[in-house]
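Position 348 of the sequence shown, counted from 1, bears residue number 348 in the numbering used here, the numbering being contiguous throughout.
Using N, Cα and C, we set each Cβ at its ideal position, and we do this for glycine too.
Only a predicted model underlies this, so the values are computations on that prediction, with no experimental measurement involved.
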Amino acid sequence: MKKIDLYIIRKFLKTFFFILGLILAIAIIFDVTEKLDDFLKHDVPLSEIIYDYYVNFIFFYGNLFSPLFIFLAVIIFTSSMAYKSEIIAILSAGVSFQRLMFPYFLAATFLAIISLWLNHFTVPHASRERVAFEQAYVGYRAKDPNKNLHKQIKPGHYIYVESYNVDRASGYKFSYEIIEGSEIKSKFMSQFMTWDSLNQHWIMRRYQHRYLDDKEEEVLVTGNILDTIMPFDPKEFEHKDYNIQMMDTPELNKFIDDEALRGSELLPVYKVEKYQRTALPLATYILTLIGVSFASRKVRGGIGLHIAISIGISFSYILAMQVTKVYAVNAGLNPFIAVWLPNIFFGILAIYFYVRAPK
C-alpha cells in the first residue's frame, strides 16, 4: 500500500465520520427539542436518556443513512482534491483511474462490513432498548392495523376478526374456519372475544359453532358465553411491522417462515426489511463509484456544485427506495427485486459516470 492510498483512506474516513457526527448531532438537537417536555414530565434520569435512548438512536439512524453519508463524504473530499489539482497530478504521474479507485473501495469495504454487521445483528437489539424507552416515556406506540385481520395460523386453519383492540386484548366479529380441500369442516363465529390473561384462555360471547360430525352430518351449537382454548393467543393480532426492526436476521428469517405458513398479508413488508439489511450497505460501493467518477473532474463552480448535485442524487436514491418498496407492499412486486432495483439502476448510472470520468 502506497502513501497515496493511506492519504485517500485517511481523508475518506475522516470526512465520513465528521459528516456522520455533524448530521447526527443536529438530529439529536432537534429530537431533544421535540421530546424535552416528555423527559421533564416523567423526570427521566439523564443516564437513561443518553445510554438507553440516544446511544441506540445513533446506532439506528447513523447506520440507516450511512451509504448516503459515505457518498457525501466521497463527493466532498474528492472534489476538494480535484479543485486543488491533486487528482490531475496523480493521474499525470502514471496512476490509472482504476488504481486510483483502490483506496476508495478499500475504505468502502471497511465501512460496508461494519454496516452489514450492524444491520443484521447490532441495530435490531439496540432498537429494542430505544423503542422500550419511547414506549415508557414518550408515549410512543406502534401503529396497529386492527381492522379486518385475516390469518392462517396453521395449514387449513384460518382466523378473521373485523376489529381488534390490542390494549384490551378483545375483538369484534371473530371467525375461525377449518378447511380440508375445498370443504369447510368447521366454522366457529363469535360476536365478541376477550382474552382471559389469568386463566390463559379466550372468552367468546354470543357464539355459533357449525361443524361436521363423524358421520359428515352438520351440527350447530350456539350460546351466549364460552370459555375455550384456541390454537392462538393475542400475539397473533399484534402489529408485527415495528417488531421486525427489533429482530436480528436469524430471528427475522424464522419469523418470516412462520408468517408465510400463516398466510400473513404483511409478508412483503417483512421480506423488504430482510433484503434491505444487505442491499443498503452494498450500495456503498455503487455510491462510492458514482462519487469518485463524478467529483474527480475539476469543474467551474467547484465543490459547491458537486455537493448540490450529490444531494440531488442522494434524494433520488431515497425516493427510488421508497417507490419500489410501495410497489412491493401494495402492487405485488417481488420484494427482492424491489429492494435491489434502485441498486441496479444506480449501478448502471455508476458505470456511465465511470466511463466518462477523466482517465
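Take A108, set aside five residues on each side of it, and the residues of its chain with a beta-carbon closer than 6 Å to its own are T284, Y285, T288, in chain order. Apart from sequence neighbours up to five positions away, the residues of its chain that approach F133 with a beta-carbon distance below 6 Å are D52, Y53, ordered along the chain. Counting only residues of its own chain and dropping the five nearest sequence neighbours on each side, A169 has a CB closer than 6 Å to the CB of W195, P234.
Counting along the chain, the unbroken beta strand (DSSP E) around S170 starts and ends at 170 to 180. In this structure the stretch 21 to 33 does not lie against the stretch 75 to 92, because fewer than three pairs of beta carbons, one per stretch, are closer than 8 Å.
Annotation for N56: A126, E129, R130 place their beta carbon closer than 6 Å to its own, counting only its chain and skipping 5 residues before and after.
Comparing C-alpha distances from G347 to each of F18, G291, D213 shows the shortest one belongs to G291. In the displayed model, L319 falls within a helix according to three-state DSSP. With a threshold of 16 other beta carbon atoms within 10 Å, V272 meets it and is buried.
Under DSSP, I19 takes part in no beta bridge, so it has no partner. When F315, L68, K14, Y158 are compared, the shortest CA-CA separation from E259 is found for Y158. Within the DSSP bridge table, the entry for K154 names H157 as partners.
Apart from the 5 residues on each side of it in sequence, T228 sits with its Cβ closer than 7 Å to the Cβ of H201, W202, M204 in its chain, given in chain order. Using a 10 angstroms sphere on the CB of H306, the tally of other CB atoms reaches 16 or more, which defines it as buried. Listed as beta-bridge partners of L220 by DSSP are R210.
Around the CB of L46, fewer than 16 other CB atoms lie within 10 Å, so the residue is classed as exposed. In chain order, I286, L289, I290 place their CB closer than 6 Å to the CB of A350, counting only its own chain and leaving out the 5 sequence neighbours on each side.
As a beta-bridge residue in DSSP terms, T194 pairs with S170, I203. Around the beta carbon of I29, fewer than 16 other beta carbons lie within 10 angstroms, which makes this residue exposed.
Pairing D5 with F77 gives a Cβ-Cβ distance that is not under 9 Å.
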